[in-house]
Amino acid sequence: MGKVFALLEFFSFEKISNWGEWCIDEVKDGEVFPKLQQLEIRDCDRLELSHNFPSLTELIIDGDEVVISSFPRTPILCELRLGGWCEKLKLQDLFLPQTLETIAIGIRYWVVEIGPNLIAIRNCEKVEFPLHHSLRSSIETVEIMNSCGSLECFPLDFFFNLRELIIEGCKNLESLMLTKSLDDIIPLSPNGRLHAPNMTHLTIGGCQKLKKLP
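Here this note's numbering is used: the first residue of the sequence shown is 437, the next is one more, and so on.
Next comes the structure, spelled out in structure tokens:
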């Protein structure tokens with residue numbers, strides 16, 4: 437069987453509430469939408485994606501009742517936006533490619549314009565903050581709002597080029613930390629200096645367990 441939609445680069449569909457599985461019979465991995473670059477899925481509450489999308493660079497999944505629990509393989513993805521209910525999504529278990537520059541979770545696609553080189557997570561208490569090594573050099577802005585309840589310490593120097601950090605309503609956050617190496621975490625320096633040479637904007641609020649700021 438030939439490749440399905442061999443030249444399709446953009447695919448968008450919405451409000452198909454009873455569509456539960458994307459099935460294309462007799463097609464091997466990599467032969468479905470081989471040139472698809474942008475995929476937008478809105479208000480398809482039951483749809484689960486299991487196919488590989490080898491050329492996909494932008495993925496948007498959004499909806500009032502969309503439950504996101506699985507994720508397709510996207511080896512060159514640059515932008516990921518999940519606006520549905522993401523509490524079942526385990527980011528740490530996902531394959532996040534090194535090409536990924538923007539992650540927006542819990543933010544409706546029409547609410548705010550999302551820029552590049554950013555991780556933004558809003559109103560997703562059970563989502564774990566994605567400390568993926570593939571993101572270390574690309575991320576410049578981190579925004580956590582009423583999310584990531586398991587996050588107790590934030591490693592300031594994990595992202596090499598971090599310029600802006602906004603954390604609000606992170607109820608279990610206790611400290612900002614420094615990492616000497618990938619596996620060795622040390623606290624902030626005793627003289628109170630903030631070891632984030634590229635940072636220009638820092639906002640922290642509503643973090644009741646935060647013990648000390650530099």
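From the three backbone atoms N, C-alpha and C, an ideal C-beta is built for every residue, glycine too.
Since this is a predicted model, take the numbers as computed values, not measurements.
Span separating the alpha-carbon of residue i from that of residue j
i, j, result
"Gln474", "Lys647", "43 Å"
"Thr639", "Leu587", "17 Å"
"Glu564", "Glu579", "13 Å"
"Asn559", "Cys643", "14 Å"
"Leu495", "Ser448", "10 Å"
"Met613", "Cys589", "6 Å"
"Lys471", "Gln534", "19 Å"
"Gly605", "Ser611", "14 Å"
"Ala442", "Glu576", "35 Å"
"Phe531", "Ser570", "9 Å"
DSSP-derived helix/strand/coil call for residue i
i, result
"Leu492", "coil"
"Ser453", "coil"
"Ser448", "strand"
"Leu567", "coil"
"Glu576", "coil"
"Asp479", "coil"
For residue i, the residue or residues it bridges with in DSSP
i, result
"Ser611", "Cys589"
"Ile497", "Ile477, Leu518"
"Met581", "Arg558, Glu604"
"Leu638", "Leu601"
Environment of residue i [buried if 16+ CB atoms lie within 10 Å]
i, result
"Gly542", "buried"
"Ser574", "buried"
"Ala540", "buried"
"Pro552", "exposed"
Endpoints, the beta strand (DSSP E) within which residue i is located
i, result
"Ala540", "538-541"
Closer than 7 Å: residue i CB and nearest the ligand MG heavy atom
i, result
"Glu564", "For the structure depicted, the ligand MG is absent and the ligand set is empty, with no information on it obtainable."
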